[in-house]
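Visitor: In terms of our numbering, the sequence shown opens at residue 241 and continues consecutively. Each residue gets a CB set at the ideal place from its N, CA and C atoms; glycine is no exception. Let me begin by handing over the structure; questions about it come next.
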Amino acid sequence: MNDSILKAQNISKQYRLGLVGTGTLSHDLKRWWHKIRGKEDPFLKIGEANERSTVGDSQYVWALKDINFEVKRGEVLGIIGKNGAGKSTLLKILSRVTLPTTGEIKTNGRIASLLEVGTGFHPEMTGRENVYLNGAILGMTKQEIRAKEDEIIDFSGCARYIDTPVKRYSSGMRVRLAFAVAAHLEPDILVVDEVLAVGDAEFQKKAVGKMQDISRGDGRTVLFVSHNMAAVKSLCTRAIVLENGKSVFEGDANSSVDFYLSRGQNKPNKELATRTDRFGSGELKLVDVQFLNQNQLGVTQIISGEYLKIKLTFENRIRQLNYDHFFVGVNFKDDQEQVVLSYLSDEMGSKLHDFHIKNEIHLEIPRLLLRAGIYDIRVQTGMGVKREDHFDTIERAATIQVLQGKLWDSGRLNRAGNYAVLPGKFRI
Numbered sequence: 241m242n243d244s245i246l247k248a249q250n251i252s253k254q255y256r257l258g259l260v261g262t263g264t265l266s267h268d269l270k271r272w273w274h275k276i277r278g279k280e281d282p283f284l285k286i287g288e289a290n291e292r293s294t295v296g297d298s299q300y301v302w303a304l305k306d307i308n309f310e311v312k313r314g315e316v317l318g319i320i321g322k323n324g325a326g327k328s329t330l331l332k333i334l335s336r337v338t339l340p341t342t343g344e345i346k347t348n349g350r351i352a353s354l355l356e357v358g359t360g361f362h363p364e365m366t367g368r369e370n371v372y373l374n375g376a377i378l379g380m381t382k383q384e385i386r387a388k389e390d391e392i393i394d395f396s397g398c399a400r401y402i403d404t405p406v407k408r409y410s411s412g413m414r415v416r417l418a419f420a421v422a423a424h425l426e427p428d429i430l431v432v433d434e435v436l437a438v439g440d441a442e443f444q445k446k447a448v449g450k451m452q453d454i455s456r457g458d459g460r461t462v463l464f465v466s467h468n469m470a471a472v473k474s475l476c477t478r479a480i481v482l483e484n485g486k487s488v489f490e491g492d493a494n495s496s497v498d499f500y501l502s503r504g505q506n507k508p509n510k511e512l513a514t515r516t517d518r519f520g521s522g523e524l525k526l527v528d529v530q531f532l533n534q535n536q537l538g539v540t541q542i543i544s545g546e547y548l549k550i551k552l553t554f555e556n557r558i559r560q561l562n563y564d565h566f567f568v569g570v571n572f573k574d575d576q577e578q579v580v581l582s583y584l585s586d587e588m589g590s591k592l593h594d595f596h597i598k599n600e601i602h603l604e605i606p607r608l609l610l611r612a613g614i615y616d617i618r619v620q621t622g623m624g625v626k627r628e629d630h631f632d633t634i635e636r637a638a639t640i641q642v643l644q645g646k647l648w649d650s651g652r653l654n655r656a657g658n659y660a661v662l663p664g665k666f667r668i
């Protein structure tokens, strides 16, 4: 028995830049003339990839191009990618908010969507009235909605304001009520965009828990877009990675997140070798820094609590190095230039006697216990602790972004904040 509930076949979406509408009269006439002669739309042969950072020559851009995937009942599919990759466009097509330029969507069940703050809500109607409105849109009877009404209101946490017009709700309240409605009116497919980021941490945890219940307990399907990679890993069974409107990877959630975090990383840093804002004798000079994840893929982002390797490459002019006194230091510094985490090879008792073979040193961190934030890396090498003994010390040798992760067994994401977290436990 085929348990597929949603199938996307050759989905593409084309937009014309700079204009409102689908095109000009001359373009519409050309499309019509080709159509009556049974020929392909001529404008489907033109257009450029959705690369926002470059200026193209074509008036047309492909927001999505040839997207294919299939989702089975009970799966949670993550859709990840940078801003502008095409995630929201794809969800709008799946939710029938907009039509694809080419391709088709096949679904087997009701779809409830949570795409933008307040989508599907009438601002002049009360929260309670909007619950019934959304249920009716999903094809539910008044009796079916009434059976879920108390549960929806309780989950949303908006009981005090439920008979107040939605236009007076804060953005967070709208998201809470919208998610409660979408999740409790028993859709076969729940489509959730990044709007959950508007809610507070407590509600985000409730929402993720509810999505897990929907998929694992009720056997329903969830399509989930998020920039929170820890949430994608914990919630999703599979994920696809979009880049410039194209699907560049599809696999299990962990592999997809690792692939996404590694994109666009690790070309040698040519500027590092020529920088003059450094001090030391220069006999040993840092020329490249790379960050690697547990799969040895280069990354610029890492989830808090996960494995990280820092690969340091040097230019070595020292004929004979006294390894008994040689040291390497790596410091993580926050946006206030404060050192929040430090690794010193001599303190750690690290043996670096084979350094001269490749002129590389690897710092392996089993669990990077830093809170979410952006950190600069300072690297120093030398033969002692005095400034004059240094071969090379350079500030801001590289930058890495640490994303929220689950450091503890509580299931909760750690808070943001630029400082290290040490293992520990509260006890009575």
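Just to check my reading of the structure: Arg456 and Asp403 have Cβ atoms closer than 8 Å, yes? What is that Cβ distance to the nearest angstrom?
Guide: Taking the first residue of the sequence shown as 1, we reach residue 456 at position 216. Taking the first residue of the sequence shown as 1, we reach residue 403 at position 163. Between the beta-carbon of Arg456 and that of Asp403 there is about 34 Å, and that puts the pair past the 8 Å contact cut.
Visitor: Give me, in chain order, the residues of the same chain whose beta-carbon lies closer than 8 Å to that of Asn599; leave out the 5 immediate sequence neighbours on both sides.
Guide: Here residue 599 is taken as the residue at index 359 of the sequence shown, counted from 1. The answer, listed in chain order, is Thr553, Phe554, Glu555, Asn556.
Visitor: Tell me whether the stretch 469-483 and the stretch 320-329 touch, counting them as touching only if at least three CB pairs, one residue from each stretch, are closer than 8 Å.
Guide: yes
Visitor: Have a look at Arg350 and Ala422 and give me their C-alpha separation to the nearest angstrom.
Guide: Reading the sequence shown from its first residue, position 110 is the one you call residue 350. Reading the sequence shown from its first residue, position 182 is the one you call residue 422. If you take the alpha carbons of Arg350 and Ala422, they lie about 11 Å apart.
Visitor: Taking DSSP's pairing of strands, which residues face Gly622 in a bridge?
Guide: Looking up residue 622 in the sequence shown gives position 382. Bridge partners of Gly622: Phe567, His630.
Visitor: Among Gln452, Thr347, Lys346, which has the Cα closest to the Cα of Val316?
Guide: Position 76 of the sequence shown, counted from the first residue, corresponds to residue 316. The shortest Cα separation from Val316 among Gln452, Thr347, Lys346 belongs to Gln452.
Visitor: Is the beta carbon of Lys646 closer than 9 Å to that of Ser466?
Guide: Looking up residue 466 in the sequence shown gives position 226. Looking up residue 646 in the sequence shown gives position 406. Not a contact, by the Cβ cut-off of 9 Å.
Visitor: Which of the three DSSP states, helix, strand or coil, is assigned to Leu334?
Guide: Locating residue 334 in the sequence shown gives position 94, where the first residue counts as 1. Three-state DSSP puts Leu334 in a helix.
Visitor: Which ranges does the alpha helix (DSSP H) cover as unbroken runs of at least 4 residues, wholly within the stretch 377-437, from first to last along the chain?
Guide: 382-396, 411-424
Visitor: Compare the Cα-Cα distances from Glu511 to each of Phe443, Ala637, Met588 and report the closest residue.
Guide: Position 271 of the sequence shown, counting from 1, holds the residue named residue 511. Among Phe443, Ala637, Met588, the Cα nearest to that of Glu511 belongs to Ala637.
Visitor: Does the stretch 374-391 touch the stretch 425-433, meaning 3 or more C-beta pairs lie closer than 8 Å?
Guide: Under the Cβ criterion (8 Å, minimum of three pairs), the stretch 425-433 counts as touching the stretch 374-391.
Visitor: Looking at the structure shown, is Arg478 part of a helix, part of a strand, or coil, going by DSSP?
Guide: Here the question's residue 478 lines up with position 238 in the sequence shown. It is a strand residue.
Visitor: Tell me whether Gly449 sits in a helix, a strand or coil according to DSSP, three-state version.
Guide: The residue labelled residue 449 in the question sits at position 209 within the sequence shown. If DSSP states are grouped into helix, strand and coil, Gly449 belongs with the helices.
Visitor: Going straight from the alpha carbon of Asp574 to that of Gln530, what length do you get?
Guide: Residue mapping note: residue 574 aligns to position 334 of the sequence shown, counting from 1. Residue mapping note: residue 530 aligns to position 290 of the sequence shown, counting from 1. Rounded to whole angstroms, Asp574 to Gln530 spans 19 Å at the Cα level.
Visitor: From the DSSP secondary-structure annotation, give me the bridge partner or partners of Phe464.
Guide: The sequence position of residue 464 within the sequence shown is 224, counting from 1. Answer is Gly318, Val432.
Visitor: What are the residues that DSSP puts in a beta bridge with Leu246?
Guide: By 1-based counting over the sequence shown, the position of residue 246 is 6. Paired residues: Val311, Thr347.
Visitor: Along the alpha helix (DSSP H) that carries Ile668, what are the first and last residues, could you check?
Guide: For the purposes of this step, residue 668 is identified with residue 428 of the sequence shown, where counting begins at 1. Where Ile668 is concerned, there is no enclosing alpha helix (DSSP H), given that its DSSP letter is neither H nor E.
Visitor: Suppose you measure from the CA of Thr516 to the CA of Gln536; what does that come to, to the nearest Å?
Guide: The count along the sequence shown starts at 1 and reaches residue 516 at position 276. The count along the sequence shown starts at 1 and reaches residue 536 at position 296. Between Thr516 and Gln536, the C-alpha separation is close to 30 Å.
Visitor: With distances taken between CB atoms, is the gap from Val497 to Val472 smaller than 9 Å?
Guide: Sequence index remark: in the sequence shown, residue 497 carries index 257 (1-based). Sequence index remark: in the sequence shown, residue 472 carries index 232 (1-based). Yes, Cβ-Cβ distance for Val497 and Val472 is below 9 Å.
Visitor: Here's the rule I'm using: 16 or more other beta-carbon atoms within 10 Å means buried, otherwise exposed. How should Thr514 be labelled?
Guide: As a working mapping, residue 514 is identified with position 274 in the sequence shown. By the 10 Å Cβ count, Thr514 comes out exposed.
Visitor: DSSP puts Gln530 in a beta bridge; with which residues?
Guide: For the purposes of this step, residue 530 is taken as residue 290 along the sequence shown, with counting starting at 1. For Gln530, which the question treats as bridged, DSSP gives the partners Lys551.
Visitor: Taking C-alpha atoms, which residue in Ala418, Pro405, Met380 lies nearest to Ile393?
Guide: For the purposes of this step, residue 393 is taken as residue 153 along the sequence shown, with counting starting at 1. Closest option to Ile393, Cα to Cα, is Ala418.
Visitor: Locate the beta strand (DSSP E) running through Lys486, then write down its first and last residues.
Guide: Start at 1 with the first residue of the sequence shown, and residue 486 comes out as number 246. Lys486 -> beta strand (DSSP E) spans 486-492.
Visitor: Would you mind stating whether Gln249 and Gly343 have Cβ atoms separated by less than 9 Å?
Guide: Taking the first residue of the sequence shown as 1, we reach residue 249 at position 9. Taking the first residue of the sequence shown as 1, we reach residue 343 at position 103. Yes, the Cβ-Cβ distance between Gln249 and Gly343 is below 9 Å.
Visitor: Here's the rule: buried if 16 or more other CB atoms are within 10 angstroms of the residue's CB, otherwise exposed. What is Ser252?
Guide: Within the sequence shown, numbered from 1, the residue matching residue 252 stands at position 12. Ser252 should be labelled buried.
Visitor: Considering only residues of the same chain and omitting the five flanking positions on each side of Ser544, which have a CB-CB separation below 7 Å?
Guide: Stepping through the sequence shown from its first residue, residue 544 is reached at position 304. Around Ser544: Leu608, Leu610, Arg611, Ala612, Val642, Leu643, Gln644, Gly645, Leu647, Asn654.
Visitor: In terms of DSSP beta bridges, what is Ile640 paired with?
Guide: One-based indexing of the sequence shown puts residue 640 at position 400. According to DSSP, Ile640 bridges with Tyr615.
Visitor: With a CB to CB cut of under 6 Å and the five nearest residues on each side skipped, what residues in its chain are close to Gly314?
Guide: Mapped onto the sequence shown, residue 314 falls at position 74. Here the set comprises Ser455, Gly459.
Visitor: Using only alpha-carbon positions, find the residue among Ser521, Asp306, Ile614 that is nearest to Leu581.
Guide: Here residue 581 is taken as the residue at index 341 of the sequence shown, counted from 1. Comparing Cα positions, the closest option is Ile614.
Visitor: Within the continuous alpha helix (DSSP H) that includes Glu604, where are the two ends?
Guide: Counting from 1 along the sequence shown, the entry for residue 604 is found at position 364. Unbroken run through Glu604 is the beta strand (DSSP E), 600-605; no alpha helix (DSSP H).
Visitor: Rounding to the nearest angstrom, what Cα-Cα distance links Ser411 and Ala399 in this structure?
Guide: Counted from its first residue, the sequence shown places residue 411 at position 171. Counted from its first residue, the sequence shown places residue 399 at position 159. Between Ser411 and Ala399, the C-alpha separation is close to 16 Å.
Visitor: Helix, strand or coil for Ser252 per DSSP?
Guide: Indexing the sequence shown from 1 puts residue 252 at position 12. Strand at Ser252.
Visitor: Skipping 5 residues on each side, what residues in its chain have a beta carbon closer than 7 Å to that of Phe361?
Guide: As a position in the sequence shown, residue 361 is number 121, starting the count at 1. Contacts found: Asn370, Val406, Arg414, Ala418.
Visitor: Please tell me whether Ile550 and Ile634 are closer than 9 Å, where the distance is taken between their beta carbons.
Guide: Residue 550 sits at position 310 when you count from the first residue of the sequence shown. Residue 634 sits at position 394 when you count from the first residue of the sequence shown. No, Cβ-Cβ distance for Ile550 and Ile634 is not below 9 Å.
Visitor: Going along the chain, which residues of its own chain have a beta-carbon closer than 7 Å to the beta-carbon of His225, five neighbours each way excluded?
Guide: As shown, the chain starts at 241 and ends at 668. That puts residue 225 outside it, with no answer to give.
Visitor: Any idea which residues DSSP pairs Ala660 with across the strands?
Guide: Start at 1 with the first residue of the sequence shown, and residue 660 comes out as number 420. Ala660 is bridged to Leu610.
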